[in-house]
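Written as structure tokens, this is what we have:
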């Protein structure tokens with residue numbers, strides 16, 4: 001399905017009179033985003049289901065551990081549902097279900113979702129979270145998706161080097177009187193200055209096997225929350241992606 005939409009979108013963009021091109025590009029972004037994001041909870045469901053079966057297959061079944069793993073299955077299933085709902089809301093441009101969100105808690109939850117991937121790549125995850133931050137008024141699942149995408153982007157940009165002390169740093173802080181800053185900093189390969197302006201364009205990617213939808217989706221979510229997302233080249237290696245978003249009192 002995604003490849004078909006991509007084909008139609010490319011064809012539409014080649015014809016300046018085709019008014020459906022932008023909508024097709026958007027649909028392709030949404031389709032690719034669902035496939036990409038839903039793979040994580042589905043993989044967790046498969047792993048935990050198998051683990052639960054092993055606990056039950058023992059000569060003396062370990063009911064408590066089986067129940068604990070099945071609770072994780074339920075949590076992963078709920079996350080998959082919420083991801084689909086949030087992407088559908090963006091695709092249909094319906095009103096987001098918003099509530100007060102503790103940004104630091106949301107960041108901790110997002111980092112837990114990518115911790116195994118970070119360990120596999122020998123990259124440390126370093127949260128540097130300011131205390132006493134006001135909440136933001138937003139959709140928790142979508143904001144969490146932004147953090148997951150930005151951290152995953154940093155992990156994938158970091159060269160595989162088990163003997164190197166690599167890290168992706170996630171910082172939260174105040175930005176002025178009524179906004180919060182969430183920054184994700186990596187020590188990856190970075191982006192050439194002339195390419196910075198294209199990073200958030202649909203289907204633009206610096207990765208050889210990427211669809212280039214992650215950063216575009218992030219920007220769409222941040223803008224829908226009244227915020228801004230920008231990319232900054234580090235003085236040293238890597239990039240920093242900065243999200244500024246209104247605090248709840250100013251939302």
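Residue numbers (UniProt numbering): 1 to 251.
The beta-carbon is built from N, C-alpha and C at its ideal position, and this holds for glycine as well.
Could you spell out where the beta strand (DSSP E) holding residue i opens and where it closes?
| i | result |
| --- | --- |
| residue 183 | 179-185 |
| residue 242 | 239-246 |
| residue 124 | 123-129 |
| residue 58 | Element bounds for residue 58: n/a, residue is neither H nor E. |
| residue 133 | That residue, residue 133, is in no beta strand (DSSP E); it is neither H nor E in DSSP. |
| residue 228 | 228-233 |
| residue 191 | Unbroken run through residue 191: none, as it is neither H nor E. |
| residue 167 | 166-175 |
If you follow the alpha helix (DSSP H) that residue i is part of, which residue opens it and which one closes it?
| i | result |
| --- | --- |
| residue 117 | 103-120 |
| residue 140 | 140-157 |
Are the Cβ atoms of residue i and residue j separated by less than 8 Å?
| i | j | result |
| --- | --- | --- |
| residue 41 | residue 65 | no |
| residue 144 | residue 106 | yes |
| residue 110 | residue 76 | no |
| residue 146 | residue 243 | yes |
| residue 191 | residue 233 | yes |
Apply the 10 Å Cβ neighbour rule to residue i and answer buried if 16 or more other Cβ atoms are within range, or exposed otherwise.
| i | result |
| --- | --- |
| residue 81 | exposed |
| residue 99 | exposed |
| residue 60 | exposed |
| residue 209 | Note that residue 209 has pLDDT 39, beneath the 50 cutoff, so the model's placement of it is unreliable and no number is given. |
| residue 39 | exposed |
| residue 54 | exposed |
| residue 120 | exposed |
| residue 220 | buried |
On the premise that residue j lies in contact with residue i, defined as a C-beta separation below 8 Å, what is that separation, rounded to the nearest angstrom?
| i | j | result |
| --- | --- | --- |
| residue 182 | residue 103 | 6 Å |
| residue 187 | residue 237 | 5 Å |
| residue 150 | residue 184 | 4 Å |
| residue 148 | residue 170 | Not a contact, Cβ separation roughly 11 Å. |
Judging by CA-CA distance, which residue of the options is the nearest neighbour of residue i?
| i | options | result |
| --- | --- | --- |
| residue 177 | 232, 191 and 246 | 246 |
| residue 140 | 152, 222 and 114 | 222 |
| residue 225 | 191, 235 and 180 | 180 |
| residue 126 | 62, 138, 112 and 168 | 168 |
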